[in-house]
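Novice: This structure is in C-alpha cells; I'll ask about it shortly.
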Amino acid sequence: MGKIPISLTELVSVVQIELYNNSLTGELPNGFSKLTNLRLFDESMNHLMGKILDELTQLPLKSLNLYQNNLKGTLLASIADSTALYELKIFQNLFTRELPQDLGKNSPLRWLDVSGNQFTGLIPSSLHEKGNLEELLMIYNLLSGQILSTLAYCRSLNRIRFGYNNLSGEVTFGF
C-alpha cells in the first residue's frame, strides 16, 4: 500500500497514466494541471479517498477511469466543459448529490458509468445531445424523475442500466 507519487505530476509529456488494480491509498495529488498532454487517466480499483480534483477535469482527457475506489463528494460541473471526454467511469465510489446537468453536452461521450454511488436528482437531459452514447450505466443510485425519451436520439446506444433508483413515469423511447 502506498500513495500516488507527486513526481507523476512532473511528467509533462505523458499521454497515459494507468495505475489501476494496485493498492494505492490516500488522495489524488495536486499538480496534474501541468500534464497538458494527458489523454487517459486510470487509477481504478485502488483504495483512493478524497475528491476528484478540479484541475483533473480541466485537462483534455479522452478517458477518465476512477472506479472502485473510495472517492466522495460531487462530480464537478467542470467535467461537463470537456470537449474531448468520451469515457467516464466512476462507478462504486461514494459520490453524492446531482450529476452535472450539462454532462455530455460538450463532449463526444460514449461510455458513462456512474453506478454504485449515491447520486440524486434527475438524469441529465444533455446526455443525448451529441448522440454518441453507447453505454449508459446508472444502477444503484438515488436518481429520480423520468427516463429521458430523448435518449432515442442516441442511435449507437446498446446498453442502458437504470435499475435500483427512484425513477418513475412512463418509458417512451420512440425508436
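FYI, our numbering numbers position 124 of the sequence shown as 128, with every residue one higher than the one before it. In this text, a Cβ means the ideal position worked out from N, Cα and C, and glycines have one as well.
According to DSSP, is Thr78 helix, strand or coil?
Specialist: Within the sequence shown, numbered from 1, the residue matching residue 78 stands at position 74. Three-state DSSP puts Thr78 in coil, outside helix and strand.
Novice: DSSP on Lys7, reduced to helix/strand/coil?
Specialist: Residue numbering aside, residue 7 sits at position 3 when the sequence shown is read from its first letter. Strand at Lys7.
Novice: DSSP puts Ser67 in a beta bridge; with which residues?
Specialist: As a working note, residue 67 is residue 63 in the sequence shown. For Ser67, which the question treats as bridged, DSSP gives the partners Leu44 and Glu91.
Novice: Check this for me: beta carbons of Ile83 and Leu70, under 8 Å apart or not?
Specialist: One-based indexing of the sequence shown puts residue 83 at position 79. One-based indexing of the sequence shown puts residue 70 at position 66. Taking 8 Å as the Cβ cut-off, Ile83 and Leu70 do not qualify as a contacting pair.
Novice: Starting from the C-beta of Gly90, find all residues in its chain whose C-beta is less than 8 Å away, skip the five residues before and the five after it, and write them out in chain order.
Specialist: Translated into positions along the sequence shown, residue 90 becomes position 86. Residue identity differs from the one stated: residue 90 is Tyr in this sequence, not Gly. Same-chain partners within the cutoff: Lys66, Ser67, Ser111, Pro112, Leu113, Arg114, Trp115 and Asn136.
Novice: By Cβ distance below 7 Å, which residues in the same chain neighbour Gly54 in space, the five residues on each side in sequence not counted?
Specialist: Here residue 54 corresponds to residue number 50 of the sequence shown, with the count starting at 1. Same-chain partners within the cutoff: Glu31, Leu32 and Leu75.
Novice: Does the distance from the C-beta atom of Leu155 to that of Asn170 stay below 8 Å?
Specialist: To locate residue 155, count along the sequence shown from 1; it is residue 151. To locate residue 170, count along the sequence shown from 1; it is residue 166. Against a cut-off of 8 Å, the Cβ pair of Asn170 and Leu155 comes out as no contact.
Novice: Evaluate Phe179 with the Cβ neighbour count: other Cβ atoms within 10 Å of its Cβ, from every protein chain shown; 16 or more gives buried, anything less gives exposed.
Specialist: Taking the sequence shown and counting its residues from 1, the one referred to as residue 179 is at position 175. With a pLDDT of only 48 at Phe179, under the threshold of 50, the placement of this residue in the model should not be trusted, and no figure is reported.
Novice: Can the beta-carbon of Asn50 be found closer than 8 Å to that of Asn26?
Specialist: Along the sequence shown, one-based indexing puts residue 50 at 46. Along the sequence shown, one-based indexing puts residue 26 at 22. Cβ atoms of Asn50 and Asn26: closer than 8 Å.
Novice: Which whole-angstrom value is the C-beta distance of Leu79 and Phe99, which I expect to be below 8 Å?
Specialist: Against the sequence shown, residue 79 aligns to sequence position 75. Against the sequence shown, residue 99 aligns to sequence position 95. Leu79 to Phe99, Cβ: 6 Å. Contact.
Novice: Who are the Cβ neighbours of Ser172 in its own chain at under 7 Å, not counting the five residues just before and after it?
Specialist: On the sequence shown, position 168 is the one that residue 172 refers to. Within the same chain, Ser172 has close Cβ partners Gln150.
Novice: For Ile164, collect the residues of the same chain with a Cβ closer than 6 Å to its Cβ; drop the 5 residues on either side in sequence, then sort them by chain order.
Specialist: Residue mapping note: residue 164 aligns to position 160 of the sequence shown, counting from 1. Around Ile164: Leu140.
Novice: At what residues does the beta strand (DSSP E) containing Glu31 begin and finish?
Specialist: The count along the sequence shown starts at 1 and reaches residue 31 at position 27. That run of the beta strand (DSSP E) goes Leu28 to Glu31.
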